[in-house]
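Chemist:
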Amino acid sequence: MIITKDQINDLNQNASAEQAEHFGFLKLALDKKGIDADEIVSKLADFQVAIPSWALGSGGTRFGRFSIGGEPTNLEQKLDDIGLLHALTQTAGAVSLHIPWDIPSDAAGIKQRADSHGIVFDAVNSNTFQDQNEQAQTYKYGSLADRQAAVREQAVAHNVEVIRYGKMLDSKSLTVWLADGASFPGQNNFRQSLQNTQKSLQEIYAELPSDWRMFIEYKPYEPSFYSTVIQDWGTSLLLAEGCGEKAFCLVDLGHHLPNTNIEQIVATLIMKGKLGGFHFNDSKYGDDDLTVGSIKPYQLFLIFNELVYGMNHNDANNPPLAWMIDASHNIKDPLEDLIQSLEAIQLAYAQALLVDTPALQAAQAESDVVLGQEILQDAYRTDVRPLIREARLKREGAIDPIAIYRKMKVRENLIKERGLKTVATGL
Ligand code: LRH
Ligand code: MN
Ligand code: MN
Numbered sequence: 044m045i046i047t048k049d050q051i052n053d054l055n056q057n058a059s060a061e062q063a064e065h066f067g068f069l070k071l072a073l074d075k076k077g078i079d080a081d082e083i084v085s086k087l088a089d090f091q092v093a094i095p096s097w098a099l100g101s102g103g104t105r106f107g108r109f110s111i112g113g114e115p116t117n118l119e120q121k122l123d124d125i126g127l128l129h130a131l132t133q134t135a136g137a138v139s140l141h142i143p144w145d146i147p148s149d150a151a152g153i154k155q156r157a158d159s160h161g162i163v164f165d166a167v168n169s170n171t172f173q174d175q176n177e178q179a180q181t182y183k184y185g186s187l188a189d190r191q192a193a194v195r196e197q198a199v200a201h202n203v204e205v206i207r208y209g210k211m212l213d214s215k216s217l218t219v220w221l222a223d224g225a226s227f228p229g230q231n232n233f234r235q236s237l238q239n240t241q242k243s244l245q246e247i248y249a250e251l252p253s254d255w256r257m258f259i260e261y262k263p264y265e266p267s268f269y270s271t272v273i274q275d276w277g278t279s280l281l282l283a284e285g286c287g288e289k290a291f292c293l294v295d296l297g298h299h300l301p302n303t304n305i306e307q308i309v310a311t312l313i314m315k316g317k318l319g320g321f322h323f324n325d326s327k328y329g330d331d332d333l334t335v336g337s338i339k340p341y342q343l344f345l346i347f348n349e350l351v352y353g354m355n356h357n358d359a360n361n362p363p364l365a366w367m368i369d370a371s372h373n374i375k376d377p378l379e380d381l382i383q384s385l386e387a388i389q390l391a392y393a394q395a396l397l398v399d400t401p402a403l404q405a406a407q408a409e410s411d412v413v414l415g416q417e418i419l420q421d422a423y424r425t426d427v428r429p430l431i432r433e434a435r436l437k438r439e440g441a442i443d444p445i446a447i448y449r450k451m452k453v454r455e456n457l458i459k460e461r462g463l464k465t466v467a468t469g470l
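Counting from 44, one number per residue, gives the positions in the sequence shown under the numbering used here.
#1: For ligand 3, any of its heavy atoms closer than 7 Å to the Cβ of G320?
#2: What does D250 pair with, by DSSP beta-bridge criteria?
#3: Between the C-alpha atoms of S110 and Q120, what's the straight-line distance to the nearest angstrom?
#4: According to DSSP, simplified to helix, strand and coil, what is S110?
#5: Please look up how many angstroms separate the CB atoms of W255 and S216, rounded, as I've assumed it's under 8 Å.
#6: Specify the secondary structure class of N22 as computed by DSSP and reduced to three states.
#7: Heavy atom of ligand 3 less than 7 Å from the Cβ of D325, yes or no?
#8: Thinking A426 and A58 are a contact (beta carbons under 8 Å), I'd like their distance in whole angstroms, please.
#9: Considering only heavy atoms of ligand 2, does any lie closer than 7 Å to the CB of E284?
#10: Within 8 Å, do at least three Cβ pairs link the region 413 to 423 to the region 454 to 466?
#11: Mark P115 as exposed unless 16 or more other C-beta atoms lie within 10 angstroms of its C-beta, in which case mark it buried.
#12: Run the proximity test for E265: is its beta-carbon closer than 7 Å to any non-hydrogen atom belonging to ligand 2?
#13: Specify the secondary structure class of D79 as computed by DSSP and reduced to three states.
#14: Thinking C-alpha only, which one of A192, D376 and T271 is nearest P228?
#15: CA-CA distance, D411 and E386?
#16: Can you tell me the Cα-Cα spacing of A157 and Q235, whole angstroms?
#17: Please confirm whether A365 and V335 have their CB atoms less than 8 Å apart.
#18: I'd like to confirm the pairing. Which residues does DSSP put opposite H322 in its beta bridges?
#19: Does ligand 2 have even one heavy atom less than 7 Å from the beta-carbon of E260?
#20: Could you name the residues of the same chain whose beta carbon sits closer than 6 Å to that of N202, not counting the 5 residues immediately before and after it, in chain order?
#21: For I46, count neighbouring Cβ atoms within 10 angstroms of its own Cβ and tell me buried if that reaches 16, exposed if not.
#22: Would you say the region 375 to 390 touches the region 335 to 351, given that touching needs at least three Cβ pairs under 8 Å?
#23: For S101, count the other beta carbons within 10 Å of its own beta carbon; 16 or more makes it buried, fewer makes it exposed. Which is it?
#24: Quick test of the definition: if touching needs 3 or more C-beta pairs under 8 Å, does the region 85 to 97 touch the region 136 to 143?
#25: For Y423, which residues in the same chain have their Cβ closer than 7 Å to its Cβ, ignoring the five residues on either side in sequence?
#26: Going by beta-carbon coordinates alone, are L350 and V398 separated by less than 8 Å?
#27: Using 8 Å as the cut-off, can you tell me whether the region 315 to 325 makes contact with the region 373 to 383, which would need three or more C-beta pairs spanning the two stretches below that distance?
#28: Which residues in the same chain have their Cβ closer than 8 Å to the Cβ of N360, if we skip the five residues on either side of it in sequence?
#29: Apart from the five residues on each side of it in sequence, which residues of its chain come closer than 6 Å, Cβ to Cβ, to L353?
#30: Just checking G297 against ligand 3 - is the residue's beta carbon closer than 7 Å to any of the ligand's heavy atoms?
#31: By alpha-carbon positions, which one of D174, Q133 and L122 ends up nearest to Q197?
#32: For my contact list, G297 and D330 are in at a C-beta cut-off of 8 Å; report their separation, rounded to the angstrom.
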């Protein structure tokens, strides 16, 4: 199934008068505050987020999985699904592959398919947290950190292979996330594990093309429940600095212990020019991988506020970030869930763009705590939905993507095309 611009334009008709009215009203209100609504709309229209190839089907928990039907069963179909998302939202113009879950055997064909949907290849992800068939060494006790050289060599070789695939697709970055750690005290020597990890990462880094970047993703626990080698942003930064200027930290919102101040981490990493990428999701407890903005939208706004500030005060030349959604869909239609996540990201970004930074700085200089909060919350409490709808309209996307998705019976059509009992590769 494909969705054409003509179909979207037609279906937008119902909502266009109301959108024009709402946008006009907000534009006037923002104008009075000295904010150019059209400039914000342009920034929103340019903002693109990668969709992970492993999260287009129903995910599951270790207790079960419930298929929604019509899920993509190969990479081509996954790209088609992202194409649908992109047609509707105009925000999903990139895909991030996890290898070997999605091997682009026919790289030219895959690239052409992606091109036809206006999709580019963002970071490629390696996987040394699962054993694959015909693999000589097991990752049961570790991969890049493992105490056995043969295991480390195999894990390094896999990452080099992932870079090779990425080059064929014009990807420009590699994301490394390791499950390496220990489930019990006494299992590993902390120092040795960290040293091995650094050395292995340096070996991968040496194979990185000159215009590539390497992202080092951290996570405090799971699947290792006593200790994880790359447990936090500090360890990630240490390792990135130990590799070189093309190595950066990657923040996954779900990879923090409860109540961690993620916006402060973002501010610090941009200040050091070492923030490379972002995995969006939301969580109540741990790495829950829920829909972005479904639990803590204010935190998301505060994070975006630091991202916007960091990019506008970029003394350390932090490069543009790689944005990706890393969520799992256990009970919702994955495509509807991704549309909601994309919307939440755009909302937080739009709100952050409204923050009156000079006024905030003045309030901080005066230690006017109340005013500082007022300024932030004034932006957060602005209904910015007309801005993101306008951004989508500007690119001929849907004013209301979920409404059009449902009106066009996308899921029903996918089930007709692909069947009711489908399983997509991934988590
Ligand atoms: C680990 C993680 C990492 C993996 C993905 C499947 O929890 O966030 O980014 O690559 O999930
Ligand atoms: Mn992640
Ligand atoms: Mn995760």
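Heads up, the beta-carbon is just placed ideally off N, CA and C, and yes, glycines get one too.
Modeler: A quick look at the data gives this:
#1: no
#2: Checking the sequence shown, residue 250 turns out to be Glu, not Asp. BP columns for E250 are empty, so no partner.
#3: 16 Å
#4: coil
#5: 6 Å
#6: This structure gives no information on residue 22, because the portion of the chain shown stretches from 44 to 470.
#7: no
#8: The residue you asked about is not Ala; residue 426 is Asp in the sequence shown. Actually they are not in contact, since the Cβ atoms of D426 and A58 sit about 16 Å apart, beyond 8 Å.
#9: no
#10: no
#11: buried
#12: no
#13: coil
#14: T271
#15: 33 Å
#16: 42 Å
#17: no
#18: D295 and M367
#19: yes
#20: S169 and I247
#21: buried
#22: yes
#23: buried
#24: yes
#25: Y341, F344 and Q394
#26: no
#27: no
#28: G316
#29: Here residue 353 is Gly; the residue named in the question, Leu, does not match the sequence. Hits under 6 Å: I313.
#30: yes
#31: D174
#32: 4 Å
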